[in-house]
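Chains as they are written, first to last, in our numbering: chain A, 2 to 163; chain B, 2 to 163.
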């Protein structure tokens, strides 16, 4: 199963693809969705939608996982991140993908083992888990962590079903 | 010119079409985007996108105007309304529509004449302006007000250009 992880952000949105084969997690690509400067906010939101649709059509992931957000610094930040998540959800559902949402706590616990891990620790563990020897931006690493979290969660559910 | 006004809301999203012909504003339709119960939030966001795309494809508006939101009761409300606005912006831009944003103050001033008008006052003025003798929900009336506001704004800009 190939999972597309998305780390939504109004300035940078990271994405990462993780495949599971024979119980091994394999890196399937990743990067950041960026914008020309200057780029009006509504255009950024649309570019996130368009870029995710392109990524989905190019890689054919089976499912998408995305960070669930309950908190933000303030109302203005919450409005912005809401727009980005809205665009990402629409892209996924429009392409027929089922969407799974995980809190930052669940993601960090799943990847590093405890919920208060730093972004650097998350990146280091993502590289270890995926056996990666390439440079990873923090945003791409976060997106890969979200995809790994979904694989682990699904595995856990499978185990519970047995 | 036909304008699609959108009043974004996570429970109810109103839409309204207003055409301008020979300096007269004419009602072109309107209603509310609703959901089956229960409907998960991500599915609601996608339905708002899908419904707006259908409305745009059915009526071919020239431009879309939408309420700009800077404030919300709290972070949770801001996140929700952000998702809805994100879905609406993506629908419009995806269909090639230019999007114009107006604050609640601009909309009320444009339709009623002062910025602290009640929703009932907005509805009454919308019915007067469009010469409507039908029942209008508050959400549809708000969406029509947003479309009227854009027509008035464009007219003002035209006047300034002369």
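Each residue gets a CB set at the ideal place from its N, CA and C atoms; glycine is no exception.
Given the structure is predicted, the values throughout are model-derived calculations rather than measurements.
- Around the beta carbon of residue 98 of chain A, a 10 Å sphere encloses 16 or more other beta carbons of the protein chains shown; the residue is thus reported as buried.
- Within chain A, the C-beta atoms nearer than 7 Å to that of residue 85 of chain B come from 87, in chain order.
- Annotation: residue 153 of chain A to residue 6 of chain A spans about 13 Å, alpha carbon to alpha carbon.
- Under the criterion of beta carbons closer than 8 Å, residue 3 of chain B and residue 29 of chain B qualify as touching, at roughly 6 Å.
- Within 7 Å of the CB of residue 100 of chain A, the CB atoms of chain B belong to 43, in sequence order along the chain.
- Under the rule that a run must span 4 or more residues, the alpha helix (DSSP H) segments found entirely inside the segment 103-135 of chain B read 105-112, 120-130.
- Under the Cβ distance rule, residue 34 of chain A does not count among the residues neighbouring chain B, no pair being separated by less than 7 Å.
- Comparing alpha carbon positions, the residue from A/16, A/37, A/146 closest to residue 103 of chain A is A/146.
- Shown here, residue 8 of chain A sits in a strand according to DSSP, grouped into three states.
- Not one beta carbon of chain B lies nearer than 7 Å to the beta carbon of residue 4 of chain A.
- Contact annotation for residue 46 of chain B against chain A: 87, 90, 91 [CB-CB distance below 7 Å, chain order].
- Residue 101 of chain B carries a strand assignment under DSSP once its states are collapsed to helix, strand and coil.
- By the beta-carbon neighbour count (other beta carbons within 10 angstroms, threshold 16), residue 150 of chain A is buried.
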